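The block underneath contains the structure these notes are about, expressed in structure tokens.
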Amino acid sequence: MSEKRTMTINLSESDMQALEQLCAEKELSKTAVVRQALRLYQLVNVKVAGGGKLLIEDSKRDKAELIVV
Amino acid sequence: MRAAWLWDRRRQQVVAAEVAPQVSAPELTEIGIAWQRFRRKAHRPRRASELAADPAKPEHNHWDWGRKAEYLRYAAYRCVGVRHAGDMQGLMLISLVGTAGRSKSHAGKPVLYVHYLESAPWNLKQYVGDEAQFGGVGFCLILEAIAISQEEGFRGRVGLHSLPQAEGFYSEFMEDLGRDRKVENLRYFELSQAAAESLMKGRLK
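Those sequence lines, one after another, are chains F and G.
With my numbering applied, the first sequence corresponds to residues 1 to 69, in that order.
With my numbering applied, the second sequence corresponds to residues 70 to 274, in that order.
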């Protein structure tokens, strides 16, 4: 694997709360959650830039919601 | 690079190999071309009509790793290989965005998902009969998937959909969670943290 680099990030109280909630729910470290978020964001960003749309399907209502990214 | 071990069927001995932790898109394209060329050559004596009806033909015969190189545009995917004697003996495409676990033991927790896993065609009896060279490639790649899952914080959990011909292999050490209608009705398998740890204990150092 490529070498890892360390950085410091500043988060607001609400952002930190969201991060900690995800860490607890997924049993992941803060670094792992940030990595997950970044990978997902990059994937969505490239797809959307290529003309794709992000839809979230509601399995109960059989309805899709368009997410604007 | 991590060490790996394969079974040399011709010499009847274990041989050292190495894990290629991140196969690049150009290399993957090159390997894809070489493997496709090998598959075509292996099937050359047969007619296309015979080939289509051949039940022994690997179900992944049509896989084109060159096309899968497209995935590597994203940080969410990684291609891992196992190399021996200068050749890539197997490839695996994984997703580094954890998918939600389905097993009761870790429902909703992130699982490292294996999209594709294939041994090089010269290692498969379906192509070369008794000349098949190295065994243990699939298991070696699964061990690497576990190691990456642990590094990513997924605690060794791994999930995958299996082609019917590989169900017997995966069912030996993974939990069979049944057919998935949303993914070509393939059987879905998962490896728990405990099962992953148990497998890793048996890994040769």
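The C-beta atom is built at its ideal place from N, Cα and C for all residues, glycine as well.
All figures in this text were calculated on a predicted structure; none of them were measured in a lab.
Bridge pairing for C148(G): L162(G) [DSSP]. By the CB criterion at 8 Å, F238(G) and G207(G) fall inside the cutoff.
Between the segment 89-109 of chain G and the segment 130-147 of chain G there are three or more inter-stretch CB-CB distances shorter than 8 Å, so the stretches are counted as touching. V227(G) is classed as buried because its beta carbon has at least 16 other beta carbons within 10 Å across all chains shown.
Within the same chain, Cβ atoms closer than 6 Å to the Cβ of A94(G) are found at A138, L141, the five residues on either side in sequence being excluded.
Annotation for R256(G): no alpha helix (DSSP H) segment contains it, though the beta strand (DSSP E) segment containing it runs 255-260. In terms of beta-carbon proximity, E244(G) stays away from the interface with chain F, with every pair separated by 8 Å or more.
For V183(G), the closest C-alpha among the options A176(G), G101(G), H175(G), G170(G) is that of G170(G).
For L165(G), the residues of chain F that pass the 9 Å Cβ criterion are R35, Q36, R39, in the order they occur in the chain. With contacts defined by Cβ atoms closer than 8 Å, V68(F) and Y143(G) do not form a contacting pair.
Close to chain F, meaning a Cβ-Cβ distance shorter than 7 Å, are the following residues of the segment 129-153 of chain G: R142, Y143, A144, A145. Residues of the same chain with a CB within less than 6 Å of the CB of L97(G), apart from the 5 flanking positions on each side, are W134, A138, C148 in chain order. In the displayed model, M269(G) falls within a helix according to three-state DSSP. At the C-beta level, L28(F) and P179(G) come within 8 Å of one another. Within the segment 85-116 of chain G, the residues whose Cβ lies closer than 7 Å to some Cβ of chain F are P90, Q91, listed in chain order. In this structure, DSSP gives W134(G) a helical state, which the three-state scheme calls helix. K63(F) sits exposed, since fewer than 16 C-beta atoms from the chains shown fall within 10 Å of its C-beta. Among the CB atoms of chain G, none fall inside 8 Å of the CB of Q17(F). Put simply, the CB of G222(G) is near chain F, with a gap under 8 Å to one of its CB atoms. Neighbours of K178(G) in chain F, taken as residues whose beta carbon is under 8 Å from its own, are K26, E27 in chain order. Only those residues of the segment 41-56 of chain F whose C-beta falls short of 8 Å from the nearest C-beta of chain G are listed: Q42, L43, V46.
Cβ atoms of V83(G) and R39(F) stay farther apart than 8 Å, at about 36 Å. Contiguous beta strand (DSSP E) elements confined to the segment 77-103 of chain G occur at 82-89, taking only those with 3 or more residues.
At least one CB of chain G lies nearer than 8 Å to the CB of A32(F).
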